[in-house]
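J.: Dumping the structure here so I can ask a few things about it.
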Amino acid sequence: MNVSVSHIRRALQESYSVQEAANLSRIVCCEMLGQTTIDYYLGKDIILSSKEMQKLNGILARLLNFEPIQYIQGTARFLERSYHVAPGVLIPRPETEELVEMVLKKIPDRPVRVLDMGTGSGIIGVTLALELKERAKEVVLADISPQALDLALENAMRLGARVSTVQTDLFENIPLEKPVLRQEGADSSASVPEEEEKDAGREMRFDVIVANLPYIADGEELAPEVMKDPHTALFGGPEGWEIIERFLARARDYLNENGFVALEIGHDQAAAVTQIMDGYGYNYIEVLKDMSGVARFPFGYH
């Protein structure tokens, strides 16, 4: 059966603006139904089987319920790479791409250890591992959700990034020192393997700690499609920055000398967050602006 592009666009306009409906209809037609871009812009009908028609109706129903197109596709683009996403992890925003680009410019030209706190689907940490290449001495992805870490590890393996993961509520399960591990019942006087001895007591500190933590104030009204993101990844407390403050209270202890933290924050939080950073002893604090001119990305050094 034939379905017109204009029919799909008009259906989406029940819930979206004209521009949003046009963007979504292009993704549905070209990326999900296989229509060529030329045929789409020429307004040619799409010929669908009954099974494909059922697929289209299902897609439209989910979109009209404001489900993000990335969840429906199962993928999201981030700095020219495709990452798997799923309900339960935050869909990356363009601002986060800007954050990663800024972090890359500030990382010194030497091997570094990187921590991506609140990694979600792993987009920040995996991207840094891939872009840094041999300079990525170690990249750790941390999140409170085991499901998120499974997805992050899947993305890392699919894209060929070397990372490790840790399930933790902020720094709760990240020790400042790596303990010596002995086999149960082993003689305490027995010699420790050379590799293990070398690693014993190693400080778990990083040169770069990046975090895109929840920063929206509880109760703030958001667009319906944004509310489909996991609320634990959106709302950061009554003022919005409470989880960020918990993070900053401990993050400096995990930085190597001359290491830095980098954050993404809300559009009106720069003054509050810089005051928090100053109170916890961060040095050379600066808040960089996004492409819209909003003070969005605080950086602070050990």
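With positions in the sequence shown counted from 1, the corresponding number in our numbering is that position plus 40.
No residue lacks a Cβ here, since even glycine has one placed at the ideal position from N, Cα and C.
Values in this document were obtained by computation on a predicted structure and should not be read as measured data.
(1) Return the CA-CA distance between GLY165 and PHE106, expressed in angstroms with no decimal places.
(2) Take LYS307 and list the residues in its own chain whose beta-carbon comes closer than 6 Å to its own, dropping the five residues that flank it on each side.
(3) In terms of residue numbering, what span does the beta strand (DSSP E) encompassing ARG121 cover?
(4) ILE48 by DSSP, collapsed to three states: which one?
(5) Hey, quick one: how far does the beta strand (DSSP E) through PRO337 stretch, first residue to last?
(6) To which residues does DSSP link ARG153 through a beta bridge?
(7) Looking only at its chain, what residues have a beta carbon closer than 7 Å to the beta carbon of ARG292, apart from the 5 residues adjacent to it on each side?
(8) Count Cβ pairs between the stretch 165–183 and the stretch 201–214 that sit closer than 8 Å; are there 3 or more?
(9) Hey, quick one: how far does the alpha helix (DSSP H) through ASN195 stretch, first residue to last?
(10) Do the stretch 105–121 and the stretch 154–170 touch if we need at least three Cβ pairs shorter than 8 Å?
(11) Can you tell me which of the three DSSP states SER228 falls into?
(12) Sorted by chain position, which residues of the same chain lie with C-beta nearer than 8 Å to GLU71's C-beta, five sequence neighbours on each side aside?
T.: Quick answer:
(1) Here residue 165 corresponds to residue number 125 of the sequence shown, with the count starting at 1. Here residue 106 corresponds to residue number 66 of the sequence shown, with the count starting at 1. Just so you know, the alpha carbons of GLY165 and PHE106 end up roughly 28 Å apart.
(2) Looking up residue 307 in the sequence shown gives position 267. Sequence inspection shows His at residue 307; the Lys mentioned does not correspond to that position. Closer than 6 Å at the Cβ level, and outside the excluded window around HIS307, lie VAL334.
(3) Taking the sequence shown and counting its residues from 1, one reaches residue 121 at position 81. It spans 121–124 - the beta strand (DSSP E) in which ARG121 sits, taken as one unbroken run.
(4) On the sequence shown, residue 48 is found 8 positions in, with the first residue counted as 1. Of the three classes helix, strand and coil, the one that applies to ILE48 here is helix, per DSSP.
(5) For the purposes of this step, residue 337 is taken as residue 297 along the sequence shown, with counting starting at 1. At residue 337 the sequence reads Phe, which differs from the Pro that was named. Per DSSP, PHE337 belongs to the beta strand (DSSP E) from 335–341.
(6) Here residue 153 refers to the residue found at position 113 when the sequence shown is read from its first residue. GLU178.
(7) Position 252 of the sequence shown, counted from the start, is the residue given in the question as residue 292. Only TYR320, GLY321, TYR322 and HIS342 meet the Cβ criterion.
(8) Under the 8 Å Cβ criterion, the stretch 165–183 counts as touching the stretch 201–214, having at least three qualifying pairs.
(9) Position 155 of the sequence shown holds residue 195. For ASN195, the enclosing alpha helix (DSSP H) covers residues 186–199.
(10) yes
(11) Working through the sequence shown from its first residue, we reach residue 228 at position 188. Only weak support is given to the placement of SER228: the predicted model assigns it a pLDDT of 43, under 50, and the value that follows is read from those uncertain coordinates. Here SER228 sits in coil by DSSP.
(12) Walking along the sequence shown from the start, residue 71 turns up at place 31. GLN113, listed in sequence order.
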